[in-house]
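Some notes on the structure that comes next.
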Amino acid sequence: MLFWTITAALVALIGLLLGLALWRGHAGEEPAAAYDLRVYRDQLRDVERDQARGVLGADEAARLKVEISRRVLEADRAAQGAGAARRPPIGATLAIAALGLAILGGAFALYQRLGAAGYPDQPLSERIAISEEIYQTRASQDEAEKVAEAERGPAPAPDARFAELMERLRKAVQDRPNDLEGLALLARNEANIGNFRAGWEAQRRMIALKGDAVTAADYAELGELMIVAAGGLVTPEAEAALGKALELDQGEQLARYYVGLMMAQNGRGDRAFRIWSELLREGPESAPWIAPIRANIQQLAWIAGEPNYTPPPVGASGPSAADMAAAAAMSPEERNEMIRGMVEQLNQKLANEGGTASDWARLIASLRILGENDRADAVFAEAQGVFAGRDEDLATIAAANDGTVPAGGQAPAPTADQVDAAAAMTPEERQEMIRGMVDGLNDRLLAEGGSAEEWSRLISSLAMLGDAPGAQAALAAARENLADQPEALAAVTAAAEAAGIAP
108 MLFWTITAAL VALIGLLLGL ALWRGHAGEE PAAAYDLRVY RDQLRDVERD QARGVLGADE
168 AARLKVEISR RVLEADRAAQ GAGAARRPPI GATLAIAALG LAILGGAFAL YQRLGAAGYP
228 DQPLSERIAI SEEIYQTRAS QDEAEKVAEA ERGPAPAPDA RFAELMERLR KAVQDRPNDL
288 EGLALLARNE ANIGNFRAGW EAQRRMIALK GDAVTAADYA ELGELMIVAA GGLVTPEAEA
348 ALGKALELDQ GEQLARYYVG LMMAQNGRGD RAFRIWSELL REGPESAPWI APIRANIQQL
408 AWIAGEPNYT PPPVGASGPS AADMAAAAAM SPEERNEMIR GMVEQLNQKL ANEGGTASDW
468 ARLIASLRIL GENDRADAVF AEAQGVFAGR DEDLATIAAA NDGTVPAGGQ APAPTADQVD
528 AAAAMTPEER QEMIRGMVDG LNDRLLAEGG SAEEWSRLIS SLAMLGDAPG AQAALAAARE
588 NLADQPEALA AVTAAAEAAG IAP
């Protein structure tokens, strides 16, 4: 308050002085006409004295008085004109005063937004030193977790079925402590139900068991679990895990994202900008770290001295025309491998950022089609925890797992016989079976119509199989079928664009 009081007084004083200067103009300077007027009056007095002493006669004195009086009148008129000219115009005075007030007001507004009253000078070297102090004195993992737990409160209890599954999983890991898959599943599911410390401890045990086979992604996931447990703070322990990940793979994106977050948390937004802008350029747009980076990159750019930075445009997540052309030229084995890669991408997406019940159901059904029943069982168990208490979503996932038709009318998942048959198929046979399922969905939608999600799934599937003409035909049919549903039609069009199918 004292700062603003002193500042306001100084501004008022400066404004008063400027106003007086404008009003008085050049009052300190005497006009030439005023000086002449004073001289002529002195001359009149001299003529009167000389006449009184008899030096001048009456006629001569009268003539001189007339002449001097005429000059006095002229000098007086000149003095009055000079005075009027010296006074500044009222309009100009008001305009200058308004401009001064606007400048002062703008300065106040700018300082209120950017300034910090009471703060000492902060040169770059001092700011870096402060950042280093924040970095060195940040909370440890244990300290941060205590604070985070107090803020979060107790985690909600899972439903009885999932709680039973978790107990069985814990017991299985206890009985088989060297089961890497069990530890990975335990780490993820403990975190899903809010047992964050148990989650990262299980991940750390899994890393210890892997030994030389450990990957950068394993360490990055450990760091992420520790950061989540600490309420979002990148602790020294989490930083060590991220460092291990980057030692194994300098391009590990999840680890780089959290290193950038650590820089931002410790006052080094310039370094965070360099890391995050690289990640933003690399993509993919579907990566879970892209959204928070886009939300903060402009502010970090300003901190880093890049006010004109423009983030890269949002890219499409689907295959390009070149991808589809390549898929069309693939052998059945190559196309099957591509589809398997898509399944792995979906699996990674759900592991990192989650997804809808339909996404989980699609992953489970796809794994069973590919004959990977053990993985499908593990994903199903995990989905039970993710959607605990959401009966409709659980029904969708159970339908995909059991091969029944869910209430929403979606296409059925593969039956047990189909799964067993798929496991024994050659790549060509499995590819043919997948194509048959897509054709079946196509026939049903053309005959009966369907939801926007089903049309989107059909178009994406045809595009992935390299059948661009079929995808175009499906898009045209969807437009006709959903002509009276603008929102659904917009969703299908967006899905087609994402799949590389031009509207």
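Position in the sequence shown (first residue = 1) + 107 = the numbering used here. Yeah, the Cβ is synthetic: ideal placement off N, Cα and C, and Gly gets one too. Model, not experiment: these values are computed from the prediction.
Considering only the alpha carbon of each residue, which of the options lies closest to residue i?
i           : options            : result
residue 112 : 215, 416, 259      : 215
residue 373 : 557, 453, 402, 407 : 407
residue 412 : 377, 143, 232      : 377
residue 283 : 304, 300, 309      : 309
residue 149 : 166, 327, 179      : 179
residue 419 : 265, 252, 385, 600 : 385
residue 288 : 313, 353, 552, 298 : 313
residue 144 : 311, 177, 202      : 177
residue 587 : 554, 262, 477      : 554
residue 339 : 381, 319, 399, 285 : 399
residue 94  : 241, 446, 205      : Nothing can be reported for residue 94: it is not among the residues displayed for the chain, which extend from 108 to 610.
residue 578 : 603, 187, 598      : 603
residue 252 : 120, 168, 323, 337 : 337
residue 395 : 568, 324, 455      : 455
residue 449 : 580, 568, 181, 127 : 568
residue 393 : 322, 452, 238, 241 : 452
residue 409 : 293, 341, 380, 237 : 380
residue 294 : 576, 325, 320      : 325
Should residue i be labelled buried (16 or more other beta-carbon atoms within 10 Å of its own) or exposed?
i           : result
residue 210 : exposed
residue 550 : exposed
residue 492 : buried
residue 290 : buried
residue 359 : buried
residue 213 : exposed
residue 244 : exposed
residue 414 : exposed
residue 574 : buried
residue 299 : buried
residue 527 : Annotation note: pLDDT 49 at residue 527 (below 50); position unreliable, no value reported.
residue 523 : Low local confidence applies: a pLDDT of 47 at residue 523 is under 50, so the model's placement there is unreliable, and no value is given.
residue 184 : exposed
residue 369 : buried
residue 306 : buried
residue 147 : buried
residue 486 : buried
residue 115 : exposed
residue 476 : buried
residue 473 : buried
residue 235 : exposed
residue 617 : Residue 617 lies beyond the residue range present for the chain, which begins at 108 and ends at 610; the question has no answer from this structure.
residue 170 : exposed
residue 424 : Here the model assigns residue 424 a pLDDT of 44, short of 50, so the residue's position is not dependable, and the following value carries that caveat. The residue is exposed, with fewer than 16 neighbouring Cβ atoms inside 10 Å.
residue 254 : exposed
residue 241 : exposed
residue 404 : buried
Contact check, residue i vs residue j under 8 Å by CB: the rounded distance?
i           : j           : result
residue 504 : residue 483 : With 8 Å as the limit, residue 504 and residue 483 do not qualify as a contact, their Cβ atoms being about 11 Å apart.
residue 347 : residue 327 : Between residue 327 and residue 347 the Cβ distance is about 12 Å, and since that is not below 8 Å, they are no contact.
residue 151 : residue 172 : 7 Å
residue 266 : residue 495 : 5 Å
residue 285 : residue 316 : 6 Å
residue 582 : residue 589 : No, residue 582 and residue 589 are not in contact; Cβ-Cβ is about 11 Å, not under 8 Å.
residue 302 : residue 262 : 7 Å
residue 323 : residue 355 : 4 Å
residue 154 : residue 175 : 7 Å
Given 8 Å, three or more beta-carbon pairs between the region 247-260 and the region 324-341
yes
Meets three-Cβ-pair contact criterion under 8 Å: the region 389-403 and the region 257-272: no
Exercise. Go through the region 366-419 residue by residue and report every complete run of the alpha helix (DSSP H) that reaches 4 residues or more, in order.
Key: 376-389, 397-410
Are at least three pairs of beta-carbons, each pair with one atom in the region 349-368 and one in the region 271-283, less than 8 Å apart?
no
Contiguous alpha helix (DSSP H) assignments of at least 4 residues, all confined to the region 251-334: 267-282, 287-299, 303-317
When the Cβ atoms of the region 457-477 are set against those of the region 494-505, are three or more pairs found closer than 8 Å?
-> yes
| Does the region 455-462 touch the region 547-565, meaning 3 or more C-beta pairs lie closer than 8 Å? | no
Any alpha helix (DSSP H) of 4 or more consecutive residues that is wholly inside the region 546-596:
559-571, 575-588
Checklist entry - What alpha helix (DSSP H) runs, 4 residues minimum, are completely inside the region 450-506? => result 464-476, 480-493
Exercise for the section: For the region 131-185, list the alpha helix (DSSP H) runs that are entirely contained and at least 4 residues long, ordered along the chain. Expected result: 139-160
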